[in-house]
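Residue numbers for the sequence shown follow the numbering used here, so the first one is 778 and each next one is one higher.
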Amino acid sequence: MKRLRTTFMAALIAAALLGTSNAFIPTAKASFNDVAGHWAEAAINAAVTSDYVDGYEDGSFKPDQNVSRAEFIKLVVTAMKLTVPQAKDGEDWYTPYVTAAKEKIYIERKTLQAAI
778 MKRLRTTFMA ALIAAALLGT SNAFIPTAKA SFNDVAGHWA EAAINAAVTS DYVDGYEDGS
838 FKPDQNVSRA EFIKLVVTAM KLTVPQAKDG EDWYTPYVTA AKEKIYIERK TLQAAI
């Protein structure tokens, strides 16, 4: 689990660095109730500023919590700026992100196979 958290934070920092030239100078500060003083505060704020991540509805970010597969898929899809379909009534919150990821992977595999 610690490895997953470390991997997530590395991905978060990489996404922030790739997405903006001033990744660690956020223009807007996130107002999470559990990020102040955390070792990854600057990276979290940069990722929020770049719209790669957002927090939970209760105003927290939970920086020490393990990242679920659904949360990781959302992070990747958002960072890649993939088109996310509208959620249908009764769907889990993550279904549109999984759909977007599946469609992108399918297109890349198809393109790759055509090139071989």
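Don't be surprised by glycine CBs; every beta carbon is placed ideally from N, CA and C.
Item, Value
"Coil, strand or helix - Thr860 by DSSP", "coil"
"Buried versus exposed, by CB contacts within 10 Å (16 or more), Asn822", "buried"
"C-alpha distance - Gln863 paired with Lys851, whole-angstrom precision", "14 Å"
"From Leu859, Asp869, Lys865, residue whose alpha carbon lies closest to that of Lys879", "Leu859"
"Distance CB(Ala856)-CB(Tyr829) smaller than 8 Å", "yes"
"Buried or exposed (CB count within 10 angstroms, at least 16 for buried), Ala824", "buried"
"Cβ shell of Val812 (< 7 Å), same chain only, five flanking positions each side left out", "Glu818, Ile821, Phe838, Pro840"
"Sequence-distant residues of its chain with Cβ nearer than 7 Å to Tyr871 (five each side left out)", "Ala847, Ile850, Lys851"
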